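Below is one structure, written out as structure tokens; the observations come after it.
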Amino acid sequence: SGILGPPVLFPETCFPSLQLCSGDTGARHILRQNEHILDSIDFHQLAWDIDAPEDLYPLKNKTH
């Protein structure tokens with residue numbers, strides 16, 4: 936769905952930047968900075984941002 940996000944496998948070259956990540960944005964900036972070297976898989980049915988338990992409520996009644 937045009938969203939880069941987890942699950943993500945990072946190369947070792949990204950490890951130093953990943954160690955500095957914090958907060959809600961996590962590694963999003965690292966993904967954006969490295970889009971030119973990324974391979975992605977379209978997995979639109981799981982394109983949800985879940986950061987807190989209440990973010991799950993809209994998904995409770997979803998069917999496959």
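Residues 936 to 999 (our numbering) make up the sequence shown, in order. Note that CB positions come from ideal geometry on N, CA and C, so glycine has one too. The model shown is predicted, which means the values in this text are computed figures rather than measured ones.
Proximity of residue i and residue j at Cβ, strictly below 8 Å
| i | j | result |
| --- | --- | --- |
| C949 | N969 | yes |
| L973 | I965 | no |
| D959 | D990 | no |
| L939 | S975 | yes |
Where residue i sits in the DSSP three-state scheme
| i | result |
| --- | --- |
| P993 | helix |
| C949 | helix |
| P942 | coil |
| L966 | helix |
| I976 | coil |
Residue interval of the alpha helix (DSSP H) (run including residue i)
| i | result |
| --- | --- |
| L955 | Segment: none, L955 is in no alpha helix (DSSP H) and carries neither H nor E. |
C-beta neighbour in chain B for residue i, strict 8 Å
| i | result |
| --- | --- |
| P942 | Absent from the structure is chain B; it holds one protein chain and no more. |
Residue i: CB within 7 Å of a non-hydrogen atom of the ligand FAD
| i | result |
| --- | --- |
| P941 | Ligands displayed in this structure: none; no statement on the ligand FAD is therefore possible. |
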